[in-house]
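Participant: Residue numbers (the working numbering), protein chains in the order written: chain A, 104 to 215; chain B, 150 to 263. Even for Gly, the Cβ is constructed at its ideal location relative to N, Cα and C. One structure follows; several queries about it will come next.
Set out below in structure tokens:
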């Protein structure tokens with residue numbers, strides 16, 4: 104049973120528009136979340152994080168929103184750029200543990 | 150900084166052979182993680198070390214898999230004997246204790262067992 108779900112395997116967005124990537128989790132004990140981006144033939148690279156004491160974290164064009172009651176988080180990319188085309192993974196952990204559970208990923212394509 | 154280094158980048162071997170994957174974490178990082186990525190199961194944690202000591206190996210699929218970290222700058226993941234279902238991309242990642250929880254991933258080793 105997947106504890107971290109990314110129900111959209113793929114997403115296409117026009118350059119300059121907003122990209123919204125969604126992530127749902129089932130374990131209510133998860134309290135720290137990360138987003139990673141992965142290009143082909145490379146390892147995942149860290150994008151942005153959020154802890155459960157916040158409901159929003161922003162870093163440049165990237166904003167992550169957390170809705171604890173719905174067990175849902177989303178990553179917003181504004182404006183989207185062709186270089187953002189990659190697979191995005193959501194990951195969650197419990198307490199200050201090291202065991203991050205990763206979602207299956209969403210492939211984002213930003214069209215010029 | 151060189152980042153996490155993994156070798157080899159690609160490995161093709163026959164069923165039954167021993168396979169050894171290598172990882173050099175970022176200098177100063179005291180956590181090291183081994184992950185496996187497959188189409189079916191996605192990215193899953195196999196084992197992680199803290200200060201060269203294995204902390205949690207509950208993700209290691211079976212006894213054919215073993216991992217060691219003899220010093221702070223080197224770790225190996227060994228599969229003996231290898232099977233076709235072990236074909237996957239294996240990632241090594243590291244992080245330091247302080248600061249945020251982000252892990253820095255290596256480029257991965259693509260293993261194909263025929």
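Quick one: which residues of the segment 147–176 of chain A get their C-beta closer than 8 Å to a C-beta of chain B? List them in chain order.
Facilitator: Those residues of the segment 147–176 of chain A that come within reach of chain B (Cβ to Cβ, closer than 8 Å) are 147, 148, 149, 152.
Participant: Taking 8 Å as the cut-off, decide whether the C-beta atoms of residue 153/B and residue 242/B are in contact.
Facilitator: yes
Participant: Compute the Euclidean distance between the alpha carbons of residue 158/B and residue 172/A, then round it to the nearest angstrom.
Facilitator: 42 Å
Participant: Going by the CB atoms, is the gap between residue 145/A and residue 256/B shorter than 8 Å?
Facilitator: yes
Participant: In whole angstroms, what is the alpha-carbon distance linking residue 164/B and residue 195/B?
Facilitator: Approximately 21 Å, taken between the alpha carbons.
Participant: Report, in whole angstroms, the separation of the C-beta atoms of residue 122/A and residue 213/A, which I expect to be a contact under 8 Å.
Facilitator: 7 Å
Participant: Given this structure, state the Cα-to-Cα distance separating residue 253/B from residue 177/B, to the nearest angstrom.
Facilitator: Cα to Cα, the separation comes out at about 12 Å.
Participant: What's the call for residue 107/A, buried or exposed, on a 16-neighbour Cβ count within 10 Å?
Facilitator: buried
Participant: Here's the rule: buried if 16 or more other CB atoms are within 10 angstroms of the residue's CB, otherwise exposed. What is residue 120/A?
Facilitator: exposed
Participant: Report the residue ranges of all beta strand (DSSP E) runs contained in full by the segment 155–221 of chain B; include only those spanning at least 3 residues, in chain order.
Facilitator: 159–162, 168–173, 180–187, 191–199, 202–205, 214–220
Participant: Check whether the segment 132–145 of chain A and the segment 191–203 of chain A are in contact - that is, three or more C-beta pairs closer than 8 Å.
Facilitator: Contact check between the segment 132–145 of chain A and the segment 191–203 of chain A: three or more CB pairs, one atom from each, fall below 8 Å, which counts as touching.
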